[in-house]
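For reference, the structure discussed in these notes is given below.
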Amino acid sequence: MTVRPYVLLSVASSIDGHIDDTSGMPLALSNEADFDRVDEVRAGCDAILVGAGTIRADDPRLLVRSPDRRAARVARGLGPTPLKVTLTGRGDLDPSARFFTLGDTGKLVYATSGAVARAAGAVGAVATVVDAGDPLDLPGVLADLAARGVRRLMVEGGGAVHTMFLSAGLFDELHLVIAPFLVGDPDAPRFLAAGAYPYGPGNPLRLAEARPLGDVVLLRYLPPPASGVPGPRTDLAWLREAVELSRRCPRSDSAFAVGAVVVAADGEVLATGHSRESSPHDHAEEAALAKIAPDDPRLAAATVYTSLEPCTTRASRPVSCTDLILAAGIPRVVLAWREPGVFTDCVGAETLREAGRTVVELPELAAEVRAVNAHLFPA
Ligand SMILES: NC(=O)C1=CN([C@@H]2O[C@H](COP(=O)(O)OP(=O)(O)OC[C@H]3O[C@@H](n4cnc5c(N)ncnc54)[C@H](OP(=O)(O)O)[C@@H]3O)[C@@H](O)[C@H]2O)C=CC1
Ligand SMILES: Nc1c(N[C@@H]2O[C@H](COP(=O)(O)O)[C@@H](O)[C@H]2O)[nH]c(=O)[nH]c1=O
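If you're matching positions, the sequence shown starts at 64 in the working numbering and goes up one per residue.
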């Protein structure tokens with residue numbers, strides 16, 4: 064199984080589907096609140112990717128603007144700003160572009176084989192140029208980023224790049240912001256080109272959230288669940304969602320941050336939950352299971368995806384998450400990280416297996432879960 068980063072596509076569009084106008088100046092489609100949200104998303108990523116077209120059109124900085132967010136990254140042992148990444152098929156890059164000159168961070172250029180020499184000649188002194196094959200091998204680029212430690216990748220466009228990721232189905236989340244105006248110019252860049260996308264009416268994206276931010280609205284979409292019986296690839300995608308949920312947990316120095324998703328056999332999400340969701344002692348699995356009727360027949364064939372092994376003992380509540388899963392009759396649990404013995408000795412996986420339940424561990428995501436909980440492991 065190829066490991067790739069969690070891929071978050073981010074774009075702001077006009078009502079008529081344009082992501083820029085033809086003025087030659089970058090067009091602000093987001094408002095201040097949304098630019099601040101984008102800044103927060105950037106701060107939570109390991110790398111930001113834009114196409115070479117966006118570097119030429121916008122001369123973007125791609126930095127984290129907020130000093131507090133930069134400081135928080137540094138406190139977590141990261142650089143103040145994420146790694147910058149671009150793609151090129153021509154190698155026509157300007158070393159004085161702000162992509163290359165700003166930010167105390169690495170710059171990576173993935174060039175098609177025929178463009179490597181030109182790209183290296185242009186920006187080899189200020190960036191690392193990587194041969195990405197010919198044609199460009201997108202899964203290979205993502206695997207290379209993962210091997211360089213990129214666990215969470217934000218893709219900020221432009222249209223050609225978003226078209227490529229969406230037609231390849233290589234994304235985990237899409238943030239589409241709609242600005243309250245129309246551009247109306249047929250020559251203005253569009254969010255997406257026509258293409259053979261795998262997300263037609265029969266296989267739509269799932270709307271995870273619609274969040275108004277003043278006069279713009281953020282639509283957060285997730286890919287559709289893979290059809291059929293969940294296999295390892297599907298498991299990994301669901302587990303990624305559980306890990307993403309764990310990032311929402313209010314901070315605690317005495318409990319883990321955990322996310323959980325309960326999924327029916329047909330891929331329907333029955334419930335999600337995260338630690339401290341509505342009260343300080345909430346556990347993720349407990350919060351999710353509390354949202355499902357105990358007699359829901361779908362529980363009998365459901366899977367719990369949880370970023371951390373379900374607990375077996377707890378001081379704050381009478382019933383452990385392992386016992387809640389057993390009582391719900393859920394036959395299958397997929398987890399990323401066995402609970403380290405920081406607060407209690409956990410034997411959730413063993414207990415579930417002894418009770419005849421299937422437990423799948425996907426340690427590919429364990430480092431990410433540990434990173435979410437890094438504050439519990441001071442150096
Ligand atoms: N509103 C918004 O949220 C955003 C708007 N934008 C807008 O988008 C526009 C730019 O979009 P667009 O022109 O589509 O440019 P992109 O940023 O998508 O970059 C396209 C370029 O990236 C390289 N590239 C992409 N895919 C491949 C591939 N498979 N193989 C090799 N190289 C590849 C090529 O570079 P090369 O040409 O060097 O070969 C290609 O021309 C601008 O107007 C910008 O303002 C951009 C980002 C966000
Ligand atoms: N115009 C636009 C976006 N444009 C994106 O932001 C980049 C500029 O980044 P920076 O120079 O760091 O501010 C630009 O190149 C493009 O990728 N993004 C959005 O969320 N909303 C917007 O309205």
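All residues carry an ideal CB built from backbone N, CA and C; glycine is no exception.
The C-beta distance from L428 to I388 rounds to 19 angstroms, too long to meet the 8 angstroms contact threshold. For G220, the CB falls within less than 7 angstroms of some heavy atom of ligand 2.
Rounded to whole angstroms, L398 and S309 show a C-alpha spacing of 13 angstroms.
Unbroken beta strand (DSSP E) stretches of 3 residues or longer found wholly inside the stretch 316 to 381: 322 to 326, 332 to 337 and 366 to 371, given in chain order.
Taking every protein chain shown into account, the CB of F440 has fewer than 16 other CB atoms within 10 angstroms, so this residue is exposed. In this structure, D235 and R283 do not form a Cβ contact; the two beta carbons are roughly 11 angstroms apart against a cut-off of 8 angstroms. DSSP assignment within the stretch 154 to 228 yields the following whole alpha helix (DSSP H) runs of 4 residues or more, N-terminal first: 161 to 164, 179 to 186 and 201 to 210.
E424: member of the beta strand (DSSP E) spanning T421 to E424, first to last residue. For S76, DSSP records a beta bridge to I241. The residues D248, D250 and A251, in chain order, have a CB closer than 6 angstroms to that of T85 in the same chain once the five nearest residues on each side in sequence are set aside. Segment contact: the stretch 369 to 386 against the stretch 403 to 410, three or more CB-CB distances shorter than 8 angstroms; contact assigned.
Residue state for A259 is assigned as coil, using DSSP reduced to three classes. Collapsing the DSSP output to three states places A138 in a helix. L270: not part of any alpha helix (DSSP H); member of the beta strand (DSSP E) spanning R269 to L276, first to last residue. Rounded to the nearest whole angstrom, the CA to CA distance from R395 to V104 is 32 angstroms.
Under the DSSP assignment, G152 falls outside any beta strand (DSSP E); it carries neither an H nor an E label.
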